[in-house]
């Protein structure tokens, strides 16, 4: 009975956030603060977390938050640079000239383009960049956030230059060549579902019926490209390559799905204007490629400004131990936020030279960025603080073990949901893999299941589950003008994500059966 009570108490902070956001429609900042407070109180009164442990956990959370917030601040700044120049409006008017089909517009932007951005940018960037573009095309702010959130979920593990996958390799001690195949297979299958859901969110069942051919062709090409790259040791560019393959296929296929463009033909946007408007994103792609793939430059910049702290071993009064470790290393000049800022500076200079700015533009860019990031920054800091307290107090471990033991022989079906739990709590696929890889591998070994397949389920669940992490929802809400309405976004995503994870569970079960 005591273990059951502990399990439900450990779950309470997560339930607090879910209930406040989904039922009472609280914003992410308020709900996150409530969840953080609940985690501290329960950790201190039930799980033996003393004041020194809580203080150290919050210090670690501060630096974890900084890693995320730097990216968000830079992404917002890049958007403001483009928006102040009128680039977002130009792109919003130009894309219907490529296709006026609402489903095809959403499919291109929210699926392969968002996946490409996940490959090169990572946390929050896909939605932060694509949501304003979707709004410029006339989609509602809610659709503009939900569609790319769903669209990029399949590419998270092999996106962000493979950091989530590398974390799983490091934690498990299993070769990446062994782990890559089942992970890429399951995520590739999930990509089919992500594309369908983008169509459904954007334009309903009619879009699915109308666009089955481009959806299927793009699904196959994106999935196969990611699989080939990942299984040949290039997992750092799996998501990037998959997104590029989808974009290439989409731009070819779109000529047969242009829709009714009569309204756009009266005032066509010149190609030069579109290219100029896209300068910010060309700069982002170029700087990402330069920093990521020019090894000498990356090595040089990585050594200049480094932020990292070492944390001592932490132990609760009940004996749960968090080993001594270095905190997350932030190489400031090659950080994702730095890449975004380099792109923003280049874009600003290009737009200014082209005469697209009015006097006082830089001040408006700075003020617009500041207004957008305040609420989301508070919410993210609170969410990360809650997750860190739960992890260091042993609450996360209790939740995962309860799920695993409760399922028994059905553990392969539960494995992806453990990944979801970790991603929801910590805000990222990477952190979920760090927290739960050892537990998943150990459970697989005890039950006689393939560790590679179980870990594929873990990272697939975490990748898709990261879409509903409150921290990511806050980012998307901020860029779409929905700050304070994060609960509405979460409610809109939950059913879609549940269906995707159920599919991952089924795929895991089938693979386990085939391998036994």
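Residue numbers (our numbering): 13 to 528. Ideal Cβ placement from N, Cα and C applies to all residues, glycine included.
For residue j and residue i, the rounded distance between their alpha carbons
| i | j | result |
| --- | --- | --- |
| residue 166 | residue 429 | 15 Å |
| residue 391 | residue 304 | 30 Å |
| residue 512 | residue 25 | 25 Å |
| residue 211 | residue 252 | 22 Å |
| residue 480 | residue 29 | 12 Å |
| residue 264 | residue 285 | 22 Å |
| residue 149 | residue 249 | 29 Å |
| residue 41 | residue 320 | 27 Å |
| residue 402 | residue 334 | 11 Å |
| residue 277 | residue 499 | Legend: pLDDT at residue 277 = 48, less than 50; position of this residue unreliable, value from coordinates given subsequently. Rounded to the nearest angstrom, the two C-alpha atoms are 39 Å apart. |
| residue 297 | residue 227 | 25 Å |
| residue 431 | residue 372 | 47 Å |
| residue 299 | residue 337 | 32 Å |
| residue 355 | residue 94 | 11 Å |
| residue 502 | residue 290 | 30 Å |
| residue 363 | residue 234 | 33 Å |
| residue 343 | residue 306 | 16 Å |
| residue 366 | residue 360 | 10 Å |
| residue 527 | residue 164 | 29 Å |
| residue 301 | residue 176 | 19 Å |
| residue 62 | residue 56 | 6 Å |
| residue 186 | residue 457 | 13 Å |
| residue 97 | residue 368 | 5 Å |
| residue 215 | residue 508 | 15 Å |
| residue 109 | residue 292 | 20 Å |
| residue 282 | residue 151 | 23 Å |
| residue 213 | residue 395 | 27 Å |
| residue 420 | residue 35 | 32 Å |
| residue 538 | residue 67 | Any question about residue 538 goes unanswered here, given that the chain covers just 13 to 528. |
| residue 15 | residue 475 | 29 Å |
| residue 309 | residue 316 | 11 Å |
Cβ shell of residue i (< 7 Å), same chain only, five flanking positions each side left out
| i | result |
| --- | --- |
| residue 181 | 188 and 191 |
| residue 128 | 252, 255, 256 and 259 |
| residue 153 | 147, 492, 493 and 494 |
| residue 183 | 445, 446, 449 and 450 |
| residue 487 | 84, 136, 139, 140 and 388 |
| residue 203 | 166, 231, 234 and 235 |
| residue 485 | 40, 498, 501 and 502 |
| residue 174 | 247, 248 and 250 |
| residue 124 | 230, 234, 255, 258, 259 and 262 |
| residue 65 | 326, 328 and 404 |
| residue 275 | Only weak support exists for where residue 275 lies, its pLDDT of 47 falling under 50; the value from the coordinates is given anyway. Around residue 275: no qualifying Cβ. |
Under 7 Å between C-beta atoms of residue i and residue j
| i | j | result |
| --- | --- | --- |
| residue 439 | residue 483 | yes |
| residue 243 | residue 193 | yes |
| residue 115 | residue 197 | no |
| residue 237 | residue 199 | no |
| residue 404 | residue 45 | no |
| residue 416 | residue 455 | yes |
| residue 442 | residue 195 | no |
| residue 427 | residue 463 | no |
| residue 412 | residue 60 | no |
| residue 58 | residue 23 | no |
| residue 473 | residue 19 | no |
| residue 466 | residue 452 | yes |
| residue 266 | residue 111 | yes |
| residue 43 | residue 32 | yes |
| residue 423 | residue 459 | yes |
Identified DSSP bridge partners for residue i
| i | result |
| --- | --- |
| residue 334 | 326 |
| residue 343 | 318 |
is_contact[residue i, chain C] using C-beta, thresh 7 Å
| i | result |
| --- | --- |
| residue 151 | Within the model displayed, chain C is absent; a lone protein chain is all it includes. |
Own chain residues within Cβ distance below 6 Å of residue i, not counting five before or after
| i | result |
| --- | --- |
| residue 120 | 262 |
| residue 461 | 524 |
| residue 400 | 69, 72 and 73 |
| residue 171 | 130, 131 and 251 |
| residue 219 | 115 and 211 |
| residue 126 | 138, 142, 160, 163 and 164 |
| residue 39 | 496 and 498 |
| residue 313 | 345 and 346 |
| residue 384 | 88 and 490 |
| residue 118 | 159, 210 and 214 |
| residue 352 | 86, 87 and 90 |
Neighbourhood of residue i by C-beta distance below 8 Å, restricted to the same chain and skipping five residues each side
| i | result |
| --- | --- |
| residue 318 | 341, 342, 343 and 344 |
| residue 155 | 118, 146, 213 and 214 |
Problem set entry | Segment contact, 8 Å Cβ cut-off, at least three pairs: the region 324-331 with the region 73-83 | no
Exercise. How about the region 42-54 and the region 332-349: do they share at least three Cβ pairs that are nearer than 8 Å?
Worked result: no
Exercise. So does the region 142-154 actually touch the region 401-411, counting three or more Cβ pairs closer than 8 Å?
Worked result: no
Exercise. Would you say the region 151-166 touches the region 198-209, given that touching needs at least three Cβ pairs under 8 Å?
Worked result: yes
Problem set entry | the region 491-498 touching the region 508-527, judged by at least three CB pairs closer than 8 Å | no
Problem set entry | Three CB pairs or more closer than 8 Å across the region 364-377 and the region 89-105 | yes
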